[in-house]
Amino acid sequence: MTPHRGVWAMGFLLITAIHYGVADNRSYAEVSGPMVAATVDSALAHYNPQSQISGTFKIQGSETMYPLMSRLTMEFQRRQSKVAIDVKGGGSTKAVAEFLQPPLSKTGKVMLQEERAGSFKMITTSRELFDAEVKEFVAQHGYEPTAVPVAVDAVALYVHKDNPVTGLTLDQVDAMFSTTRKRGYPSAITQWGQLGLTEGWEKAAIQLYGRDRKSGTRAFFQEHCLAGGEFMPSLHEDPGAASVILDLSRDQVGIGYSGLGLQASSVRVVPLAEAAGMPFVTPAASTVADQTYPLRRVLYLYVDKNPNAPLPAAAQEFLRFIMTQEGQEAVSKAGFFPLPVGEAAKSAVAVGLSSPAPAVQ
Numbered sequence: 005m006t007p008h009r010g011v012w013a014m015g016f017l018l019i020t021a022i023h024y025g026v027a028d029n030r031s032y033a034e035v036s037g038p039m040v041a042a043t044v045d046s047a048l049a050h051y052n053p054q055s056q057i058s059g060t061f062k063i064q065g066s067e068t069m070y071p072l073m074s075r076l077t078m079e080f081q082r083r084q085s086k087v088a089i090d091v092k093g094g095g096s097t098k099a100v101a102e103f104l105q106p107p108l109s110k111t112g113k114v115m116l117q118e119e120r121a122g123s124f125k126m127i128t129t130s131r132e133l134f135d136a137e138v139k140e141f142v143a144q145h146g147y148e149p150t151a152v153p154v155a156v157d158a159v160a161l162y163v164h165k166d167n168p169v170t171g172l173t174l175d176q177v178d179a180m181f182s183t184t185r186k187r188g189y190p191s192a193i194t195q196w197g198q199l200g201l202t203e204g205w206e207k208a209a210i211q212l213y214g215r216d217r218k219s220g221t222r223a224f225f226q227e228h229c230l231a232g233g234e235f236m237p238s239l240h241e242d243p244g245a246a247s248v249i250l251d252l253s254r255d256q257v258g259i260g261y262s263g264l265g266l267q268a269s270s271v272r273v274v275p276l277a278e279a280a281g282m283p284f285v286t287p288a289a290s291t292v293a294d295q296t297y298p299l300r301r302v303l304y305l306y307v308d309k310n311p312n313a314p315l316p317a318a319a320q321e322f323l324r325f326i327m328t329q330e331g332q333e334a335v336s337k338a339g340f341f342p343l344p345v346g347e348a349a350k351s352a353v354a355v356g357l358s359s360p361a362p363a364v365q
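In my numbering, the protein residues as written are 5 to 365.
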């Protein structure tokens, strides 16, 4: 089919209604269907609350993780009804910038070290903090931030369902999306014909879609796919993952990157190869688990955990829930890959919890 642009009238437009979270108590990933199903590690302990806890705290950050955290919060509050958790998006970049700053008193002044024992912050981010950000946090707080892996995800390249491209190498993707081509591809790729497409695609100009500058997904893609290079100025920036998919459903010559936990019949995922001559790999539960898919990533909670003070009881119980079978089942239902028991154990230890006991067989 000759490529063209068109306006698609379809149920997929539901994306815009649920783009920022949960509609009718269902996450976007559930409504659209997760890209893949993943099995929760049966070695994880079950969640058995020792008591009913009360408390209030907020979590803000990654738009990618908003439906994930909404699902986790909903499942946790079914078991701990006296805990109120305020989940917000806004993007990883904004959340990280605020997270790095020292806690302020009610009068707006920076707290002294001896006043910070009860202070607490928690954010979501779809990437690891950069070294410079960790150093800034340490300079402002006197201790390192605590990284808590919550789930596994992957960044995927999407095209319209009628696009015949069969696979891309990372240097080809870099040559499409960046001005710098740090991966070494000899020239910019601006037309689909440069990738061998025929039957009307030879002169079709490639249209680029991606996330806006507030996005941790953008930062991850820039670091891991563009080798830290600069984006093409023609890149159309979208505020959320669902918006990228919606744009591509309307544009046969488009290509865009977004998190994997989305699915629509109007788009498809492009298999990727680390380099020329290597096999093209489609993101799936197996290829993400064995790390053969090149754009695998971990999704994090970052916690401002003062080593001289315990976390608030409600926050600590929520983190404990995440590392259990019930918590990781919520991760899977939200369209993401659950943590293996080893990673869950590391996360538990990181926030001062004992390593989760194996499930009773």
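All residues carry an ideal CB built from backbone N, CA and C; glycine is no exception.
Because the structure is a prediction, the values reported are computed rather than measured.
Burial state of residue i, where buried means 16 or more other Cβ atoms lie within 10 Å
| i | result |
| --- | --- |
| Q211 | buried |
| N167 | buried |
| R217 | exposed |
| M282 | exposed |
| R381 | Nothing in the structure corresponds to residue 381, since the chain is present only between 5 and 365. |
| K165 | exposed |
| Q56 | exposed |
| T68 | buried |
| T170 | exposed |
| D294 | exposed |
| F284 | exposed |
| D242 | buried |
| P287 | buried |
| S238 | exposed |
| S336 | buried |
| T77 | buried |
| A280 | exposed |
| G204 | exposed |
| V142 | exposed |
| P269 | The amino acid occupying residue 269 in the given sequence is Ser; Pro does not appear at that position. It counts as exposed. |
| D178 | buried |
| S96 | buried |
| V364 | In this prediction, V364 scores a pLDDT of 41, lower than 50, which makes its location untrustworthy; the coordinate-derived value is nonetheless stated afterwards. Flag for V364 reads exposed. |
Residue j beta carbon less than 8 Å from that of residue i
| i | j | result |
| --- | --- | --- |
| L133 | Y261 | no |
| L303 | D157 | yes |
| A4 | K186 | With the chain running from 5 to 365 in the structure shown, residue 4 is simply not present. |
| E330 | Q84 | no |
| L172 | E140 | no |
| P342 | A49 | no |
| E234 | T194 | no |
| G65 | T128 | yes |
| V138 | E148 | yes |
| M327 | A348 | yes |
| V257 | L161 | no |
| S253 | V271 | yes |
| Q144 | P106 | yes |
| F325 | F80 | yes |
| V152 | V355 | yes |
| F181 | M236 | yes |
For residue j and residue i, believed in contact at Cβ under 8 Å, the rounded distance
| i | j | result |
| --- | --- | --- |
| S58 | K86 | 4 Å |
| G220 | S74 | No, G220 and S74 are not in contact; Cβ-Cβ is about 17 Å, not under 8 Å. |
| I249 | V163 | Wrong, their Cβ atoms sit about 11 Å apart, outside the cutoff. |
| K350 | T150 | Contact flag wrong, Cβ pair sits at about 11 Å. |
| A47 | V345 | 4 Å |
| L323 | L357 | 7 Å |
| A289 | G263 | That pair is no contact at about 15 Å. |
Nonlocal neighbours in the same chain, by C-beta distance under 7 Å from residue i, ignoring five residues either side
| i | result |
| --- | --- |
| H228 | L299 |
| E278 | L174 and P298 |
| P316 | G59, F61 and F124 |
| E292 | Just to set this straight, residue 292 is Val in the shown sequence, not Glu. Cβ neighbours of V292 beyond the five flanking positions: V156, A158, R300 and F341. |
| L201 | P168 and V169 |
| P311 | Y147 |
Residues near residue i by beta carbon distance below 6 Å, same chain, minus five either side
| i | result |
| --- | --- |
| T223 | According to the sequence provided, residue 223 is Ala. The question's Thr does not apply to it. R131. |
| E333 | V44 |
| A319 | F61 |
| R88 | In the sequence as presented, Arg is not what sits at residue 88; that position holds Ala. Excluding positions up to five away in sequence, the list reads T60. |
Cβ-based neighbour list, residue i, same chain, cut-off 8 Å, excluding 5 preceding and 5 following
| i | result |
| --- | --- |
| Q176 | Y189, I193 and L199 |
| G197 | W205, E206, K207 and A208 |
| G94 | Q64, G65, E67 and K218 |
| V366 | Because the chain in this structure spans residues 5 to 365, residue 366 falls outside the shown range and cannot be described. |
| D251 | Y213, H240, D242, G258 and G260 |
Exercise for the section: Within the segment 286-333, note down every full beta strand (DSSP E) run reaching 3 residues or more, in order along the chain. Expected result: 300-307
Problem - Within the segment 163-244, ranges of the alpha helix (DSSP H) (whole runs, at least 4 residues) - result: You should have 174-181 and 220-228.
Handout entry: Complete beta strand (DSSP E) runs within the segment 36-70 (minimum length 3 residues, chain order)
Key = 59-65, all fully within the segment 36-70.
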